[in-house]
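Asker:
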Amino acid sequence: MADPMRIRAQAAGGNATVRVLMAHEMETGQRKDASGKIIPAWHITDVTAKLNGKTVLTAEWGPSVSKNPFLQFTIKGAKAGDKVAISWKDNHNDTRTDEATVS
Amino acid sequence: MQTRRDILKRSATVAGLLAATGLFPQYALAAWNKAAFDAKTVPDAVKAYGAAAPTESKDVTITAPDIAENGAVVPMTIATSLPNVKQLLLLVEKNPNSLTAKFDVTDSVEPNFVTRAKMGQSSDVYAVAITADGKSHFAKKEVKVTLGGCGG
Chain F
1 MADPMRIRAQ
11 AAGGNATVRV
21 LMAHEMETGQ
31 RKDASGKIIP
41 AWHITDVTAK
51 LNGKTVLTAE
61 WGPSVSKNPF
71 LQFTIKGAKA
81 GDKVAISWKD
91 NHNDTRTDEA
101 TVS
Chain H
1001 MQTRRDILKR
1011 SATVAGLLAA
1021 TGLFPQYALA
1031 AWNKAAFDAK
1041 TVPDAVKAYG
1051 AAAPTESKDV
1061 TITAPDIAEN
1071 GAVVPMTIAT
1081 SLPNVKQLLL
1091 LVEKNPNSLT
1101 AKFDVTDSVE
1111 PNFVTRAKMG
1121 QSSDVYAVAI
1131 TADGKSHFAK
1141 KEVKVTLGGC
1151 GG
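First to last, the sequence lines map onto chains F and H. Just so we're aligned: the first sequence equals residues 1 to 103 in the numbering used here. Just so we're aligned: the second sequence equals residues 1001 to 1152 in the numbering used here.
Next up, the structure:
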């Protein structure tokens, strides 16, 4: 199981800015190890964000998103106390979901 | 005469077209658009999402540093002020596979995303906005990657 995400959601002017820091290796599949063998790709493929259980954002990512990915986006109409849940899935079908409250 | 490069290029285009029409059965079910992420060029990746070739637009913006000292972590902001945008793509032209990320824009989120991407070498980076009518608009910016981490 992967490490938890760090999520910060702040309400401002009727919207909420959400910042997420995920813990993931994001191996590209281009690098080689010391013995010259290619290290297989291992990266997040799908990201979903939900506000109070309703999907507001879906994203597809390739291996060229940086290690321990950062994502910032703005949810319209979110206010303090709302629940933001972020989920990711990687190409090993590993998933993780973390939740934060808009402050 | 056909060179290997020509053939590869053509097969990527065909793959893009097939994906666009949903003729790739093994990918049609999977949420992740493999054809788009396998595409080697910016237009091919956009085509894989079923959009027309992108035209440059001032309503799409991409913000990235002029010089990135560390190509492994390059912060990028993509945004658009166009109406009816369905998808926003972030691409790095000279990476082995151009497409970095695709965001589905809904009514509930601002079409404005910040993330960090890896860059193998100095390249143009693209933000592409695909609208509901299948048109696509892009903005690009050149980012120089300093190798070796010596800052020069």
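Glycine included, C-beta positions come from ideal geometry on N, C-alpha and C. Here the structure is a predicted model, which is why all the values come from computation and not from measurement.
Compute the Euclidean distance between the alpha carbons of F:V56 and H:G1071, then round it to the nearest angstrom.
Answerer: Your numbering for residue 56 of chain F matches position 56 in the first sequence. Your numbering for residue 1071 of chain H matches position 71 in the second sequence. Taking the straight line joining both Cα atoms gives about 31 Å.
Asker: Hey, does F:D46 have any beta-carbon neighbour from chain H nearer than 9 Å?
Answerer: Taking the first sequence and counting its residues from 1, one reaches residue 46 of chain F at position 46. F:D46 counts as touching chain H.
Asker: Would you say H:P1025 reaches chain F, if we count a Cβ-Cβ gap shorter than 9 Å as a contact?
Answerer: Within the second sequence, the letter at position 25 stands for residue 1025 of chain H. Confidence in H:P1025 is poor, its pLDDT being 44 and thus under 50, which makes the residue's placement too unreliable to answer from.
Asker: Under DSSP, the beta strand (DSSP E) around F:D98 begins and ends at which residues?
Answerer: Walking along the first sequence from the start, residue 98 of chain F turns up at place 98. 95-101 is the extent of the beta strand (DSSP E) around F:D98.
Asker: Provide the residue span of the alpha helix (DSSP H) that contains H:A1045, from first to last.
Answerer: Mapped onto the second sequence, residue 1045 of chain H falls at position 45. Where H:A1045 is concerned, the enclosing alpha helix (DSSP H) stretches over 1042-1047.
Asker: By a C-beta neighbour count over all protein chains shown, 10 Å radius and 16 as the cutoff for buried, is F:P4 buried or exposed?
Answerer: Position 4 of the first sequence, counted from the start, is the residue given in the question as residue 4 of chain F. Exposed, because fewer than 16 other Cβ atoms sit within 10 Å of the Cβ of F:P4.
Asker: Please list, in chain order, the chain H residues whose beta carbon lies closer than 7 Å to that of F:W61.
Answerer: As a first step, residue 61 of chain F must be located in the first sequence, where it is residue number 61. The answer, in chain order, is A1101.
Asker: Would the segment 1134-1149 of chain H count as touching the segment 1061-1079 of chain H if we require 3 or more Cβ pairs under 8 Å?
Answerer: Yes: the two stretches touch, three or more of their Cβ pairs being nearer than 8 Å.
Asker: Is the beta carbon of F:I7 sitting closer than 9 Å to the one on F:I75?
Answerer: Looking up residue 7 of chain F in the first sequence gives position 7. Looking up residue 75 of chain F in the first sequence gives position 75. No. Outside cutoff.
Asker: For F:G77, go through chain H and note every residue whose CB falls closer than 9 Å to its CB, in chain order.
Answerer: Residue mapping note: residue 77 of chain F aligns to position 77 of the first sequence, counting from 1. S1108, listed in chain order.
Asker: Expressed to the nearest angstrom, what Euclidean distance is found between the alpha-carbon atoms of F:A59 and H:K1102?
Answerer: In the first sequence, the residue the question calls residue 59 of chain F occupies position 59. In the second sequence, the residue the question calls residue 1102 of chain H occupies position 102. So the alpha carbons of these two residues sit roughly 5 Å apart.
Asker: Give me whichever residues DSSP pairs with H:P1075 in a beta bridge.
Answerer: For the purposes of this step, residue 1075 of chain H is taken as residue 75 along the second sequence, with counting starting at 1. In the DSSP output, where bridge partners are listed per residue, H:P1075 has H:R1116.
Asker: Note down, in chain order, every chain F residue with its Cβ under 7 Å from the Cβ of H:P1096.
Answerer: For this step, residue 1096 of chain H is matched to residue 96 along the second sequence. In chain order: Q30.
Asker: Any beta carbon from chain F within less than 9 Å of H:V1073's own beta carbon?
Answerer: Here residue 1073 of chain H refers to the residue found at position 73 when the second sequence is read from its first residue. Closer than 9 Å to some Cβ of chain F, the Cβ of H:V1073 qualifies, so yes.
Asker: Comparing alpha-carbon positions, which option in F:D33, F:H24, F:K37, F:V102 lies nearest F:N91?
Answerer: For the purposes of this step, residue 91 of chain F is identified with residue 91 of the first sequence, where counting begins at 1. Nearest C-alpha to F:N91: F:H24.
Asker: Looking at C-alpha atoms only, which residue of H:K1047, H:T1061, H:V1046, H:S1108 is the closest neighbour of H:V1114?
Answerer: As a working mapping, residue 1114 of chain H is identified with position 114 in the second sequence. With distances taken between Cα atoms, H:V1114 lies closest to H:T1061.
Asker: Taking 9 Å as the CB-CB cut-off, is H:G1050 touching chain F?
Answerer: Counting from one through the second sequence, the residue named residue 1050 of chain H turns up at place 50. Answer no: the Cβ-Cβ gap between H:G1050 and chain F never drops below 9 Å.
Asker: State yes or no: is the beta carbon of H:K1058 nearer than 9 Å to at least one beta carbon in chain F?
Answerer: Here residue 1058 of chain H corresponds to residue number 58 of the second sequence, with the count starting at 1. No, H:K1058 does not count as interfacial toward chain F.
Asker: Strictly by DSSP, which residues pair up with F:V20?
Answerer: Taking the first residue of the first sequence as 1, we reach residue 20 of chain F at position 20. Partner(s): F:I7, F:L71.
Asker: Look up H:R1034 in the DSSP assignment and say whether it is helix, strand or coil.
Answerer: Counted from its first residue, the second sequence places residue 1034 of chain H at position 34. The amino acid at residue 1034 of chain H is misidentified as Arg; the sequence shows Lys. Helix, per DSSP.
Asker: In whole angstroms, what separates the C-alpha of H:T1100 from that of F:E99?
Answerer: What you label residue 1100 of chain H is simply residue 100 of the second sequence in a count that begins at 1. What you label residue 99 of chain F is simply residue 99 of the first sequence in a count that begins at 1. Approximately 25 Å, taken between the alpha carbons.
Asker: What's the gap between the Cα of H:K1140 and the Cα of F:R31?
Answerer: Here residue 1140 of chain H is taken as the residue at index 140 of the second sequence, counted from 1. Here residue 31 of chain F is taken as the residue at index 31 of the first sequence, counted from 1. Answer to the nearest angstrom: the Cα atoms are 27 Å apart.
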